[in-house]
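Engineer: Sequential numbering of the sequence shown, starting at 70, is according to the working numbering.
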Amino acid sequence: MDRYCVIGNPVEHSRSPWIHARFAALTGQALEYGRRLAPLGGFAATVDSFRAEAAAAGDRAGGCNVTVPFKFDAAAMAQSLSGRARLAQAVNTLRFEPDGRIHGDNTDGVGLVNDIERNAGVPLAGRDLLLIGAGGAAAGVLGPLLDTGLRRLVVANRTVDKAVALVRRHSAQALGHSTALEAWALDAVPGSFDVVVNATASSLAGDAVPVPASVLRPGALAVDMMYGRAAAGFMDWASAHGAVPRDGLGMLVEQAAEAFALWRGVRPPSAQVLAELRTLVDAA
Ligand code: ATR
70 MDRYCVIGNP
80 VEHSRSPWIH
90 ARFAALTGQA
100 LEYGRRLAPL
110 GGFAATVDSF
120 RAEAAAAGDR
130 AGGCNVTVPF
140 KFDAAAMAQS
150 LSGRARLAQA
160 VNTLRFEPDG
170 RIHGDNTDGV
180 GLVNDIERNA
190 GVPLAGRDLL
200 LIGAGGAAAG
210 VLGPLLDTGL
220 RRLVVANRTV
230 DKAVALVRRH
240 SAQALGHSTA
250 LEAWALDAVP
260 GSFDVVVNAT
270 ASSLAGDAVP
280 VPASVLRPGA
290 LAVDMMYGRA
300 AAGFMDWASA
310 HGAVPRDGLG
320 MLVEQAAEAF
330 ALWRGVRPPS
340 AQVLAELRTL
350 VDAA
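This is the structure:
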């Protein structure tokens, strides 16, 4: 049996074990996927003990997903990184190679892009997108967003220097796609957008959405990378101003699908699993 897990702190509410169990069942893959709480400062030790326990039981540890606050520790622990993980400087998926080495990838950005383009049905090429936030969540998605061929991508953040640094790191990639990539302060964002993505923790704190509603074009897609109560403030704001709100549940399933494909070489039916998870979450 191959073993996988999600490592985080906190991790008890993670939906990843449920999602991967559905992927495994629907693709006929035999695997086990659990969750591990790592103490702060104890990420690498948790990975090591997960691998050692699997080996002691005669199983193979295939990899793990990594969530808050360990995505930077995971990047540091990996012996090789995908290009998108290197650009994000953060890793959400580790794959344990047969020779014992650890490969790090970041599937958050492609998960967001696939949710917007496939599940929400909004192709991003030639569109204008506003990304609110410049922390780890924003850094994880900027590269894959640029790869879609957007016309304009604005990063807006409370601490504008962080937005500037993120934009600088991605400037060559933006140039390669002829995308206008800009950094602005939250209250100074010029123009309006087809898609607005909230990658800040502002809703979690119960704070108001930190940008003016004028950023929303009529019928714009407004995506919060969180779901449940944490996304409610942003979703209500979007609806009240004529936008189409979308929470982060689809991104969660799509980043998991990409990790599953990386580990197993099989693409799971993510749209079906998203529909099932939506029913489960709505009923909770
Ligand atoms: P994460 O990994 O979730 O991105 P993070 O790296 O701590 O966490 O980043 C949090 C993001 O939310 C940052 O962009 C932060 O803005 P600052 O860089 O100025 O700190 C943003 N954020 C958090 N609370 C906010 C609030 N109340 N209003 C606006 N932005 C907020």
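Note that the Cβ used here is the ideal one computed from N, Cα and C, for glycine as well.
1) Would the beta-carbon of Asp276 be found less than 7 Å away from any heavy atom of the ligand ATR?
2) Beta carbon of Ala270: closer than 7 Å to some heavy atom of the ligand ATR?
3) Check whether the Cβ atoms of Ala330 and His89 lie closer than 8 Å to each other.
4) Inspect the beta-carbon positions of Asp184 and Glu323 and report whether they are closer than 8 Å.
5) Under DSSP, the beta strand (DSSP E) around Glu276 begins and ends at which residues?
6) Around the Cβ of Glu122, are there at least 16 other Cβ atoms within 10 angstroms (buried) or fewer (exposed)?
7) Please report how far the alpha carbon of Val233 lies from the alpha carbon of Ala254, in whole angstroms.
8) Quick check on the DSSP output: the alpha helix (DSSP H) that includes Glu345 runs from which residue to which?
9) Would you report the Cα separation of Gly131 and Leu109, rounded to the nearest angstrom?
10) According to DSSP, which residues form a beta bridge with Phe262?
11) Spell out the partners DSSP gives Tyr102 in its beta bridges.
12) Helix, strand or coil for Ser151, going by three-state DSSP, please let me know.
Structural biologist: Once the coordinates are examined:
1) Result yes, Cβ under 7 Å from the ligand ATR.
2) Checking the Cβ of Ala270 against the ligand ATR gives yes.
3) Their beta carbons are not under 8 Å apart, which means Ala330 does not touch His89 by this criterion.
4) For the 8 Å CB-CB criterion, Asp184 and Glu323 form a contact.
5) The question names Glu, but residue 276 in the sequence shown is Asp. Counting along the chain, Asp276 falls outside any beta strand (DSSP E), and DSSP gives it neither H nor E.
6) Exposed, because fewer than 16 other Cβ atoms sit within 10 Å of the Cβ of Glu122.
7) Here the alpha carbon of Val233 sits roughly 10 Å from the alpha carbon of Ala254.
8) Unbroken alpha helix (DSSP H) run through Glu345: 339 to 352.
9) A direct Cα-Cα distance of roughly 23 Å separates Gly131 from Leu109.
10) Beta-bridge pairing links Phe262 to Leu285.
11) When beta bridges are read from the DSSP output, Tyr102 appears opposite Tyr73.
12) Assignment of Ser151 by DSSP, reduced to helix, strand and coil, places it in the coil class.
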